[in-house]
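J.:
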Amino acid sequence: MRALWLIGGLLSVGLALIGVVLPLLPTVPFLLLAAFCFARSSERLHAWLLSHKTFGPMIADWHRSGAIRPNAKKAATVSIAAVFGISLIVGVKTSVLIIQAVVLSAVLFFIWTRPNS
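Under our numbering, think of the first position of the sequence shown as 1446, with each following residue one higher.
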């Protein structure tokens, strides 16, 4: 069972890293999932994740108060706007743009209604 938790943690870290550059893939939820999985599989990886210079504070902020740092909110907003702008430029179908606008607006609403850390 520990091996499954370890694989889940490693996959979650991988998805979080991809989410750093892809705005539609959230980073923090995957980091939280990785911390959860590592807590059940590897004390060393769990400690590494919680003490990581970049990821550790995000996990601590979320666990403490459900907070997202203002810089992370701004970065997410810029990334989401860039993705939507690229979709407009390349001429994505109107129906897809509408779906994208609704989903991205919901994501932005969620992000900006979380407390600041």
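Backbone N, C-alpha and C define an ideal beta-carbon position, used for all residues, glycine too. Note that this is a predicted model, so its numbers are computed, not measured.
Round the Cβ separation of residue 1513 and residue 1550 to the nearest angstrom and send it over; I've been treating them as touching at under 8 Å.
T.: Not really, about 17 Å apart at Cβ, beyond 8 Å.
J.: In the DSSP assignment, find the alpha helix (DSSP H) that holds residue 1491 and state where it starts and stops.
T.: From DSSP, the alpha helix (DSSP H) with residue 1491 extends over 1488 to 1496.
J.: Under three-state DSSP, which class holds residue 1519?
T.: Here residue 1519 sits in helix by DSSP.
J.: Assuming residue 1518 and residue 1544 are in contact, meaning their beta carbons sit under 8 Å apart, how far apart are those beta carbons, in whole angstroms?
T.: Going by Cβ atoms, the distance from residue 1518 to residue 1544 rounds to 23 Å, so no, they are not a contact pair.
J.: Considering just the uninterrupted stretch of the alpha helix (DSSP H) at residue 1461, what are its terminal residues?
T.: Its alpha helix (DSSP H) spans residues 1447 to 1466.
J.: Count the C-beta pairs between the region 1520 to 1534 and the region 1481 to 1492 that are closer than 8 Å, then say yes if the count reaches three, no if not.
T.: Short answer: they don't touch.
J.: Could you check the C-alpha separation between residue 1466 and residue 1527 for me, to the nearest Å?
T.: Answer to the nearest angstrom: the Cα atoms are 11 Å apart.
J.: What do you get for residue 1492, buried or exposed, if any count of 16 or more other CB atoms within 10 angstroms of its CB means buried?
T.: By the neighbour-count rule (16 or more Cβ atoms within 10 Å), residue 1492 is not buried but exposed.
J.: Hey, residue 1504 and residue 1495 are a contact pair by Cβ (cut 8 Å); roughly how many whole angstroms apart?
T.: With a Cβ gap of about 6 Å, residue 1504 and residue 1495 count as contacting.
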